[in-house]
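>
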């Protein structure tokens, strides 16, 4: 009696991988959405950021700023100086504080009634700036007004000393200078250092989500999983084939996304050009995100294999999408210096490494070794958990 020889691990892996890729290729709309959503959406967001930043700079930095002033009659020279700096003093409304709260005005000045007397006597004349510091759109107008007042104060102070026969340099015993050691690449990438790592990490973490959900929970729901598990093929090969197919799809989508950033930065506005789009930088980013692609696909394979339906498996993507946000929010409220232990923590490690690439900073061999060992080790652990889940007999039983 002849026996059927069980296929080997790698033969099973390749067969299952081809099957899953062939299945998703039949659904052209889903395949196009999976591959092209990131490459089309993320560069469009980058272009939008550039356009909005330019519009904000053009409207708030270049145009004349209308500044409500209370007590303008007490400081005519100050009003003239403001006008020379493209800041036009206008009468203040009756309830100035309420107008600022309603955002009718971004910033206002209140000149004290004793301003003229204090000015004549050579004392410090009081001026109050009214603004809501929590309004992001008011940051530039407030900075403009404060900067002009600082220049006016410095000029008048120097003139007063000169009138009294005193060298203005006497009042400045220390001349403080600043040397900015940040590289040009770091300055260009500062604006993108918050959004870009999150988008890339999310793209790699859930890049093969649809395929893996359909290949696990979808097959279980369609009751086509039991015939597959009934074959003599090793379970490890079956699981690895599904993971490999999802990783291949996610890798193509990730590569297209990075190349789309390159194309966008070459033709777009200054904000989009802040990104280092050299092929070396793209290769580094792709290499950094590979372990996260394996981690996300293996984790979702384990979770989806335990789900009884496609809907239940898809519900996991809701909270999984929140995980890449954690390091972004932590670094926003509590910036920390780069340390070796950070490259062991998932999401935080990818965030820190991507920031290094964006800032064109070198990555040491030790950091690469720690990161790859931790990332690939976690991916292997999740792969083992998924294989173990597939070896359970009750998995083939539809819920």
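In the UniProt record's numbering, the protein residues as written are 1 to 399.
Using N, Cα and C, we set each Cβ at its ideal position, and we do this for glycine too.
1) In angstroms with no decimal places, state the Cα-to-Cα distance between residue 2 and residue 228.
2) Report yes or no: is there a C-beta of chain E within less than 8 Å of the C-beta of residue 358?
3) Let me know the secondary structure DSSP gives residue 140 once reduced to three states.
4) Which residues bound the alpha helix (DSSP H) around residue 353?
5) Would you check if there are 3 or more beta carbon pairs closer than 8 Å linking the stretch 375-385 to the stretch 324-334?
6) Verify whether the separation of the beta carbon atoms of residue 304 and residue 213 is less than 8 Å.
7) Quick one: grab the DSSP three-state call for residue 128.
8) Need the endpoints of the alpha helix (DSSP H) that residue 311 sits in, please.
9) Helix or strand or just coil, what does DSSP make of residue 117?
10) Just to confirm, are residue 353 and residue 363 a CB contact at a threshold of 8 Å?
11) Between the stretch 151-166 and the stretch 130-140, are three or more C-beta pairs nearer than 8 Å?
12) Please confirm whether residue 101 and residue 70 have their CB atoms less than 8 Å apart.
13) Alpha carbons only, please: which of 312, 357, 291 and 85 is nearest the one belonging to residue 374?
14) Should residue 128 be labelled buried (16 or more other beta-carbon atoms within 10 Å of its own) or exposed?
15) Quick check: the stretch 9-23 against the stretch 224-239, are there 3 or more CB pairs under 8 Å?
16) Taking the straight line between their C-alpha atoms, what separation do you get for residue 320 and residue 255?
17) Write down the C-beta distance between residue 79 and residue 89 rounded to the nearest angstrom, noting that I regard them as a contact closer than 8 Å.
18) For residue 289 and residue 350, which I take to be in contact (beta-carbon distance under 8 Å), what is that distance rounded to the nearest angstrom?
19) Hey, how far is the Cα of residue 399 from the Cα of residue 309?
20) Hey, could you find the ends of the alpha helix (DSSP H) residue 300 is sitting in?
21) Is it the case that the Cβ atoms of residue 20 and residue 296 are separated by a distance below 8 Å?
22) Hey, out of 312, 103 and 379, whose CA is closest to residue 133's CA?
23) What residues in its chain sit with their C-beta under 6 Å from that of residue 231, if we drop five residues either side in the sequence?
24) In whole angstroms, what is the alpha-carbon distance linking residue 211 and residue 25?
25) Short of 6 Å in beta carbon distance, which residues of its chain neighbour residue 246, apart from the five on each side in sequence? Order them along the chain.
26) By Cβ distance, which residues of its chain are closer than 6 Å to residue 424, with the 5 residues on each side in sequence left out?
27) If you draw a straight line from the C-alpha of residue 86 to the C-alpha of residue 148, how long is it?
28) Helix, strand or coil for residue 333, going by three-state DSSP, please let me know.
29) Are the CB atoms of residue 39 and residue 317 nearer to each other than 8 Å?
30) Is it buried or exposed, residue 43, if we count other Cβ atoms within 10 angstroms and call 16 or more buried?
31) Exposed or buried, residue 279, counting other C-beta atoms within 10 Å across all chains shown (16 or more means buried)?
32) For the putative contact between residue 253 and residue 203, defined by C-beta atoms under 8 Å, what is the C-beta separation to the nearest angstrom?
33) Taking a contact to mean a Cβ-Cβ separation below 8 Å, would you say residue 158 touches residue 173 in this structure?
34) Exposed or buried, residue 163, counting other C-beta atoms within 10 Å across all chains shown (16 or more means buried)?
35) Whose C-alpha, out of 52, 105 and 144, is nearest the C-alpha of residue 83?
36) Run the CB neighbour count on residue 361, radius 10 Å, all protein chains shown included, and call it buried at 16 or more, exposed below.
Per the coordinate set shown:
1) Position 2 of the chain shown holds residue 2. Position 228 of the chain shown holds residue 228. Unreliable placement is indicated for residue 2, whose pLDDT of 43 sits below 50; the coordinate value is still reported in the next sentence. The straight-line gap from Cα to Cα measures roughly 22 Å.
2) Any reference to chain E falls outside this structure, which holds one protein chain only.
3) For the purposes of this step, residue 140 is taken as the residue at position 140 of the chain shown. In the structure shown, residue 140 sits in a helix (DSSP, three-state: H, G or I).
4) Looking up residue 353 in the chain shown gives position 353. Residues 348-358.
5) no
6) Position 304 of the chain shown holds residue 304. Position 213 of the chain shown holds residue 213. Yes, Cβ-Cβ distance for residue 304 and residue 213 is below 8 Å.
7) By one-based count along the chain shown, residue 128 stands at place 128. The answer is strand: DSSP assigns residue 128 an E or B state.
8) The residue labelled residue 311 in the question sits at position 311 within the chain shown. Start and end: 310-320.
9) Numbered from its first residue, the chain shown carries residue 117 at position 117. It is helical.
10) The residue you call residue 353 lines up with position 353 of the chain shown. The residue you call residue 363 lines up with position 363 of the chain shown. For residue 353 and residue 363, yes; Cβs fall inside 8 Å.
11) no
12) For this step, residue 101 is matched to residue 101 along the chain shown. For this step, residue 70 is matched to residue 70 along the chain shown. For residue 101 and residue 70, no; Cβs fall outside 8 Å.
13) Counting from one through the chain shown, the residue named residue 374 turns up at place 374. When each option's Cα is compared against that of residue 374, the closest is 291.
14) Along the chain shown, one-based indexing puts residue 128 at 128. So residue 128 ends up on the exposed side.
15) yes
16) Position 320 of the chain shown, counted from the first residue, corresponds to residue 320. Position 255 of the chain shown, counted from the first residue, corresponds to residue 255. So the alpha carbons of these two residues sit roughly 22 Å apart.
17) Reading the chain shown from its first residue, position 79 is the one you call residue 79. Reading the chain shown from its first residue, position 89 is the one you call residue 89. Contact flag correct, Cβ pair sits at about 5 Å.
18) Within the chain shown, residue 289 is the residue found at index 289, counting from 1. Within the chain shown, residue 350 is the residue found at index 350, counting from 1. Residue 289 to residue 350, Cβ: 7 Å. Contact.
19) Your numbering for residue 399 matches position 399 in the chain shown. Your numbering for residue 309 matches position 309 in the chain shown. Note that residue 399 has pLDDT 44, beneath the 50 cutoff, so the model's placement of it is unreliable and no number is given.
20) On the chain shown, residue 300 is found 300 positions in, with the first residue counted as 1. Note, residue 300: alpha helix (DSSP H), 279-306.
21) The residue labelled residue 20 in the question sits at position 20 within the chain shown. The residue labelled residue 296 in the question sits at position 296 within the chain shown. Not in contact: residue 20 and residue 296 (Cβ atoms no closer than 8 Å).
22) For the purposes of this step, residue 133 is taken as the residue at position 133 of the chain shown. With distances taken between Cα atoms, residue 133 lies closest to 103.
23) For the purposes of this step, residue 231 is taken as residue 231 along the chain shown, with counting starting at 1. So no residue of the chain qualifies.
24) Position 211 of the chain shown, counted from the start, is the residue given in the question as residue 211. Position 25 of the chain shown, counted from the start, is the residue given in the question as residue 25. Spanning the two alpha carbons is a distance of roughly 10 Å.
25) Residue numbering aside, residue 246 sits at position 246 when the chain shown is read from its first letter. Within the same chain, residue 246 has close Cβ partners 208, 211, 212 and 297.
26) One cannot answer for residue 424 here, as it falls past the ends of the chain, which runs 1 to 399.
27) If you number the chain shown from 1, residue 86 lands on position 86. If you number the chain shown from 1, residue 148 lands on position 148. Rounded to whole angstroms, residue 86 to residue 148 spans 10 Å at the Cα level.
28) As a first step, residue 333 must be located in the chain shown, where it is residue number 333. DSSP places residue 333 in helix when its eight states are reduced to three.
29) Stepping through the chain shown from its first residue, residue 39 is reached at position 39. Stepping through the chain shown from its first residue, residue 317 is reached at position 317. Taking 8 Å as the Cβ cut-off, residue 39 and residue 317 do not qualify as a contacting pair.
30) Along the chain shown, one-based indexing puts residue 43 at 43. When all chains shown are included, residue 43 counts as buried.
31) Within the chain shown, residue 279 is the residue found at index 279, counting from 1. By the neighbour-count rule (16 or more Cβ atoms within 10 Å), residue 279 is not buried but exposed.
32) Counted from its first residue, the chain shown places residue 253 at position 253. Counted from its first residue, the chain shown places residue 203 at position 203. At roughly 7 Å, the Cβ-Cβ gap stays under 8 Å, so residue 253 and residue 203 are in contact.
33) On the chain shown, residue 158 is found 158 positions in, with the first residue counted as 1. On the chain shown, residue 173 is found 173 positions in, with the first residue counted as 1. Going by C-beta atoms, residue 158 is not nearer than 8 Å to residue 173.
34) Start at 1 with the first residue of the chain shown, and residue 163 comes out as number 163. Exposed is the call here.
35) The residue you call residue 83 lines up with position 83 of the chain shown. The shortest C-alpha separation from residue 83 is found at 144.
36) By 1-based counting over the chain shown, the position of residue 361 is 361. Answer is exposed; the Cβ neighbour count stays below 16.
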